[in-house]
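Engineer: Just dropping this structure here.
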Amino acid sequence: MSEPLNPDDMQALLTHNRRYQRAVAILKDQWQLIMADETLAYRQQIAPADLQFARALLRSGTLTSRFNFGSYAGVQTLRQHYGNLLSGAAQRWLVHDYV
1 MSEPLNPDDM QALLTHNRRY QRAVAILKDQ WQLIMADETL AYRQQIAPAD
51 LQFARALLRS GTLTSRFNFG SYAGVQTLRQ HYGNLLSGAA QRWLVHDYV
């Protein structure tokens, strides 16, 4: 069952703004493109907001991905795949449901 996007997420989806591009890059394993475009080092890391929007896009049925936010094993796969590209806060956010 899909969940509707909130108004801010829907606006980002419709305009394909930077926030949307970051979430899609996570789901499609294209984070290198984001890193190349960002000049600030801290923006080159994946933030909790990026993950939250990516999960919302999956839950809405808008996009699909090989990454699974719905299980501990899926979250661990995501953590292992992106490793140090995840900020500390993003790593904590990923496991907050399982700790």
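Counting in our numbering, the sequence shown runs from 1 upward without gaps.
Glycine included, each C-beta is placed from N, C-alpha and C at the ideal position.
#1: How would you call alanine 36, buried or exposed, if buried means at least 16 neighbouring beta carbons within 10 angstroms?
#2: Would you decide whether valine 75 is buried or exposed? Buried here means 16 or more other CB atoms lie within 10 Å of its CB.
#3: In angstroms with no decimal places, state the Cα-to-Cα distance between aspartate 29 and histidine 81.
#4: In chain order, what residues of the same chain have a beta carbon less than 6 Å from the beta carbon of phenylalanine 67, not counting five sequence neighbours either side?
#5: Could you tell me the alpha carbon to alpha carbon distance between leucine 27 and arginine 59, rounded to whole angstroms?
#6: For aspartate 50, which option in Thr64, Ala41, Trp31 has the closest C-alpha, if you only look at C-alpha atoms?
#7: Does DSSP classify leucine 86 as helix, strand or coil?
#8: Report, in whole angstroms, the separation of the C-beta atoms of leucine 5 and alanine 41, which I expect to be a contact under 8 Å.
Structural biologist: Reading off the structure:
#1: exposed
#2: buried
#3: 9 Å
#4: Leu78
#5: 12 Å
#6: Trp31
#7: strand
#8: Not really, about 30 Å apart at Cβ, beyond 8 Å.
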